[in-house]
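According to our numbering, the sequence shown is numbered sequentially starting from 1.
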Amino acid sequence: MATITELLITAAIVYFLHQCFMFYRIRSKVRNIPTVGSENFLGATLDSFKFVLRGHESIKEGYLKYRGMAFKIPTITTSSGWLIFVNGEQMIEELRKAPSDVLSFSETTIDSMQTEVVFGKHAHASEFQVGVVRSPLTRAFPSRFAEITDEIVESCKHYLPTGSDWVSLSLQKNLIHIVCRTSNRLFVGLPLCRDPEYRKIQEDWTVHVVIAAHVAHLFPKALKPIAKLFVGKVESMTRKVEKFLGPIITERLENDAKHGPNWEGQNDLVSWLIDFAPPEHKNIEDITVRVMLINFAAIHTTSLTLTNALLDIAARPEYIKPLREEMEEVIGNHGWTKEAMGRMWKLDSFIKESSRLSGISDIAIGRKAVKDFTFSNGLTIPAGFTVAAASSGVHTDPTIYEDPTSFNGFRFSEMRQNGTNEYDPLRHQMVSLDSTYLLFGHGRHACPGRFFAVNEVKAMMAHILLNYDIKLPGDSKEIPPGKYFGGARSPAPNAEMMFRKRKYRGTAFKVPSITTSTGWLIVISGEKLIEELRKAPAEVFSFNLVIVDRLQTEIVFGKHAHANEFQLGVVRSSLTRAFPSRFAEIRDEIVQSCNQYLPNGSDWQALQLQANLIHIVCRTTNRLFVGLPLCRDPEYRKIQEGWTIHVMIAAQLTLMFPKPLKPIAALFLNKVESMTKKVEKFLGPIITDRIEKDAKYGPNWEGRPSDLISWLIDFAPPEHKNVEDITVRVMFINFAAIHTTTLILTNTLFDIAARTEYIEPLRLEMEEVIGNYGWTKEAMGRMWKLDSFMKESGRLSGVSNIAVERKALKDFTFSNGLTIPAGYTIAAASAGVHSDPAIYEDPLSFNGFRFSEMRQNGTNEYDPLRHQMVSLDSTYLIFGNGRHACPGRFFAVNEIKAMTAHILLNYDIKLPGDAREVPPGRWFAGNRIPDPKAEMMFRKRKVD
């Protein structure tokens, strides 16, 4: 009697002989097709297993060797043991057009995914889910795009870093979470798409289906039932998903039976599957399996494509800027919409190029012959054999693509833009089907979810690039090599990428703030958003209410908080127009006040800079405002200077009180009100005299002074032509003029003293210009270097980190979809704009002549005007932007120029101890002031 060992040996020999016989019998049917690899039984068997890990090499070899022909490769991934490849556009087109009852896509899927082992009884079930993907799912995507983007934003917050430091992440592992959540937002909605257990099953199932199919391929046909022992986890996962979906499916089926299929309910994948399911499949198990099959296809393909694209862009950072620019422009015009995704031609091209060279498989349009099929060139594919196109070969064919092995991210967008055929803009987009691009297959069985997948990948890419900086570890430019299995490719599963939250350029963020009524300040950046904020109508965004909040005017100014602001018209017109003709008086007051507050000796003397400059600014400003002798009256000036300081202190103090307690703050603010009463004692008689003479002689009586008081009386509505209202406006204008001018002048002088190499060229310019034009307003305008230095000082020091501040009176939506609700305050991040490397070269370095060089060397005829300090621009925001930009900037800038020129030409200056570092400023609620106690050294200059 034979032993067990003998029986096993005999069985093995019989199995070997049977396999050998079947091999040669099967091979004989395709012997006329060239082979890549061995033709004999043992060699081909080894090659068939080698195909699992190195099939891509065999495919490449065959494509190059048998161009325009067919070849076959031994493989364990097909039931015949052979995979036949056809080359050339003609054969690929014939493969595409072959009827399904001759060349079957479904039978290929059964082989490649080993569905009889992996899915059991569902292997041959009705594929009604394909119709769902083609129709309701694809149609629903545009209208549900807001939900998709919301999920992208929320999932990226969860899985990508939120800090400004670089963090290394396992890329594919994190992207699969983002893709799963985002896809299921459309498939099953909230809250299930965010349920950790539900998502983990879907993500794991995707991975385990692929692994289970790979494992099943390793077993010969006779032993495949044993493979089920290794893939049981797939079936158990399906049961777990039924626990989540079962009650939902049951409820939907019951409501359909009760109310008909059009009852008002959830518009999601479950409902669509129920609508498309044949009666025998309208049950929990069949609907659940289809939800999982669609998840498998969506998560697997999308996460691989997204991973490849991000790795490619991280390795080629030169593409980031043009892609971001396209995204910002398109989203700015069309919002976060499906339409916007379609207009991102460069992004579409980059993803398509990434997939051309990386892709997810070297095999496409796989079909299994159900009957013999003969191509027009006489090649016959016998029944039972699988035929496919070598997609990787097509994608790197030099007869199809110029320089095919080089990465050209904008290859396809250039084809769309520059094509001579009217269909080129459509033909070369990623979702289009073509025999030269086979990522999604070709023909009637091409991936039905490609429209959803491509736009989802675009939305994720756009969000990530606009909100994060990315790079490969070690600033590498080499992508980790991908992994192959059975001709399928995936990125290196352990590949890492570095992420950091992008500085908020071109987007919005909010910060808690005591300076706004809501407790939040929304801050925007990026030229597009700043321009839209600038252009927003006053009935939507209010500048006045920002002042009410920031300066706490209802407490600080009482009944004048909401008064008519007719003083703005005075500053814009009368005051600004008067400056040139009154320049001699301004110049005289600068000289006299500097003589009083700056040293007259030749020895160095330390002075508290800001404390002395505020005296000079107040005297000089009031020479134009109220004239002599009042501008030099010590008590009057002390009140104006003190009022400027105390308004700021009062506002800051009031901000500390919660709203119900703000009236208590008024108890601490009597000094502001009492100062106003004191100024009335000086101005009251003057105002009364002017108003009486206007009433008696008309507004043009002889000898009527041309000063701020007269201009305010001229502009005041009748109800405001009184001492109190005119006085308060004189004080308002003094507050704005003294405060801003003093801060800018202080910053400028500190910057010059810390950078003494600028003194000589500035003096040379001043001497030359004044020599030609005298001490005039025209001369100030010709001091380009001085203007540039002051502007650069303002860029890096400035007076505030925020600008163009507005309070929303109504909900306002920007073009990118950002909505500012009524009641909230919004501003531009001026400090961020001023130090943005995308706007300024080497932005953190001080270049005093940066703007004068721009004016001199610009190619645009408007550059000499655009880059002067008083010009308004979304890239320079010290004076704001738009209709509420500082109306007194023309007066202030020229006054500062005149003061700086006088000081530099008549004094030597330096920092104490010959320091080269400007003393750090102080901050309060986003506003910056130079250190009030910081000193500067002065001595009277020896002039030859």
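Using N, Cα and C, we set each Cβ at its ideal position, and we do this for glycine too.
Cα-Cα separation between Arg941 and Gln605, rounded to whole angstroms: Here the question's residue 941 lines up with position 941 in the sequence shown. Here the question's residue 605 lines up with position 605 in the sequence shown. If I take the Cα positions, the gap works out to 12 Å.
Local Cβ density within 10 Å of Asp603, reported as buried at 16 or more and exposed below that: Walking along the sequence shown from the start, residue 603 turns up at place 603. Exposed.
CB-CB length for Ile826 against Ile514, believed under 8 Å: Translated into positions along the sequence shown, residue 826 becomes position 826. Translated into positions along the sequence shown, residue 514 becomes position 514. That pair is no contact at about 17 Å.
Close Cβ partners of Glu949 (< 6 Å) along its chain, the five nearest in sequence each way excluded: Past the edges of the chain, shown from 1 to 944, lies residue 949, and the structure says nothing about it.
Pair within 8 Å by beta-carbon distance, Phe566 and Ala716: In the sequence shown, residue 566 corresponds to position 566, counting from 1. In the sequence shown, residue 716 corresponds to position 716, counting from 1. Yes, Cβ-Cβ distance for Phe566 and Ala716 is below 8 Å.
Cβ contact (3+ pairs, closer than 8 Å) linking the stretch 328 to 343 and the stretch 483 to 500: no
Inter-residue spacing [alpha-carbon to alpha-carbon] between Leu598 and Arg939: For the purposes of this step, residue 598 is identified with residue 598 of the sequence shown, where counting begins at 1. For the purposes of this step, residue 939 is identified with residue 939 of the sequence shown, where counting begins at 1. Taking the straight line joining both Cα atoms gives about 8 Å.
Beta-carbon proximity check, Leu310 vs Ile294, cutoff 8 Å: As a first step, residue 310 is located in the sequence shown; it is residue number 310 there, counting from the start. As a first step, residue 294 is located in the sequence shown; it is residue number 294 there, counting from the start. Contact flag unset, no.
Ordered list of alpha helix (DSSP H) runs contained in the stretch 683 to 764, each at least 4 residues: 708 to 715 and 723 to 754
Expected contact under 8 Å - CB spacing of Ser355 and Asn308 to nearest Å: One-based indexing of the sequence shown puts residue 355 at position 355. One-based indexing of the sequence shown puts residue 308 at position 308. Ser355 to Asn308, Cβ: 6 Å. Contact.
Gln592 (DSSP reduced to helix, strand or coil): Within the sequence shown, numbered from 1, the residue matching residue 592 stands at position 592. If DSSP states are grouped into helix, strand and coil, Gln592 belongs with the helices.
Cβ-based neighbour list, Pro887, same chain, cut-off 6 Å, excluding 5 preceding and 5 following: Taking the sequence shown and counting its residues from 1, one reaches residue 887 at position 887. So the list reads Leu568, Val571 and Arg572, once near-sequence residues are dropped.
Residue span of the beta strand (DSSP E) that contains Gly66, given as start and end: One-based indexing of the sequence shown puts residue 66 at position 66. Before going further, note that residue 66 is Tyr rather than Gly in the sequence given. Taken as a continuous stretch (DSSP letters only), Tyr66 belongs to no beta strand (DSSP E), as it is neither H nor E.
DSSP bridge partner residues for Ile522 (one or two, in chain order): Here residue 522 corresponds to residue number 522 of the sequence shown, with the count starting at 1. According to DSSP, Ile522 bridges with Lys510 and Ile826.
Run of the alpha helix (DSSP H) containing Asn544, from where it starts to where it stops: As a position in the sequence shown, residue 544 is number 544, starting the count at 1. Where Asn544 is concerned, the enclosing alpha helix (DSSP H) stretches over Asn544 to Arg550.
Short CB-CB distance (under 8 Å) between Leu904 and chain D: Going by chain labels, chain D is absent from the structure shown, which holds only one protein chain.
Segment contact flag, the stretch 851 to 871 with the stretch 775 to 793, C-beta cutoff 8 Å, min 3 pairs: yes
Reference Asp204, options Ile287, Glu251 and Phe296, closest by Cα: Stepping through the sequence shown from its first residue, residue 204 is reached at position 204. Out of Ile287, Glu251 and Phe296, Phe296 has the C-alpha closest to the C-alpha of Asp204.
Sheet register partners of Pro599 (DSSP bridge): For the purposes of this step, residue 599 is identified with residue 599 of the sequence shown, where counting begins at 1. According to DSSP, Pro599 bridges with nothing at all.
Buried versus exposed, by CB contacts within 10 Å (16 or more), Thr35: Locating residue 35 in the sequence shown gives position 35, counting from the first residue. Classification for Thr35: buried.
Residue from Leu64, Glu39, Leu877 and Phe41 with nearest C-alpha to Leu533: For the purposes of this step, residue 533 is taken as the residue at position 533 of the sequence shown. Nearest C-alpha to Leu533: Leu877.
Whole-angstrom C-beta distance between Phe373 and Ile381, which should lie under 8 Å: Walking along the sequence shown from the start, residue 381 turns up at place 381. Walking along the sequence shown from the start, residue 373 turns up at place 373. Ile381 to Phe373, Cβ: 5 Å. Contact.
Endpoints, beta strand (DSSP E) assigned at Glu1024: Here the chain covers residues 1 to 944 and nothing more, so residue 1024 does not appear.
For Lys933, three-class secondary structure by DSSP: As a position in the sequence shown, residue 933 is number 933, starting the count at 1. DSSP places Lys933 in coil when its eight states are reduced to three.
CB of Gln172 within 8 Å of CB of Ser303, strictly: Locating residue 172 in the sequence shown gives position 172, where the first residue counts as 1. Locating residue 303 in the sequence shown gives position 303, where the first residue counts as 1. In contact: Gln172 and Ser303 (Cβ atoms closer than 8 Å).
Three-pair Cβ contact test at 8 Å for the stretch 881 to 900 versus the stretch 577 to 594: yes
Cβ-Cβ distance between Gly952 and Lys97 below 8 Å: Outside the shown range of the chain, which is 1 to 944, sits residue 952, and nothing can be said about it.
Inter-residue Cα distance where the pair is Val617 and Leu609: The residue labelled residue 617 in the question sits at position 617 within the sequence shown. The residue labelled residue 609 in the question sits at position 609 within the sequence shown. Going by the C-alpha atoms only, they are around 12 Å apart.
Contacting residues, own chain, Cβ-Cβ under 8 Å from Leu904 (five flanking each side not counted): For this step, residue 904 is matched to residue 904 along the sequence shown. Correct list, in chain order: Ile752, Ile759, Leu762, Arg763 and Met766.
Residue(s) in a DSSP beta bridge with Asn927: Stepping through the sequence shown from its first residue, residue 927 is reached at position 927. For Asn927, which the question treats as bridged, DSSP gives the partners Ser800 and Phe924.
Cβ-based neighbour list, Met113, same chain, cut-off 6 Å, excluding 5 preceding and 5 following: In the sequence shown, the residue the question calls residue 113 occupies position 113. Closer than 6 Å at the Cβ level, and outside the excluded window around Met113, lie Ala213.
Cutoff 6 Å; reference Arg199; Cβ partners in own chain excluding five residues on either side: For the purposes of this step, residue 199 is taken as residue 199 along the sequence shown, with counting starting at 1. Within the same chain, Arg199 has close Cβ partners Cys180.
Buried versus exposed, by CB contacts within 10 Å (16 or more), Trp701: Taking the sequence shown and counting its residues from 1, the one referred to as residue 701 is at position 701. By the 10 Å Cβ count, Trp701 comes out exposed.
Span separating the alpha-carbon of Asp475 from that of Ile320: Counting from 1 along the sequence shown, the entry for residue 475 is found at position 475. Counting from 1 along the sequence shown, the entry for residue 320 is found at position 320. Near 15 Å, if we compare the C-alpha coordinates of Ile320 and Asp475.
Close-in-space but distant-in-sequence residues of the same chain around Asn408 (CB under 7 Å, 5 per side omitted): Taking the sequence shown and counting its residues from 1, the one referred to as residue 408 is at position 408. The answer, listed in chain order, is Glu353.
Leu186 vs Arg324 beta-carbon contact at 8 Å: Counted from its first residue, the sequence shown places residue 186 at position 186. Counted from its first residue, the sequence shown places residue 324 at position 324. Against a cut-off of 8 Å, the Cβ pair of Arg324 and Leu186 comes out as no contact.
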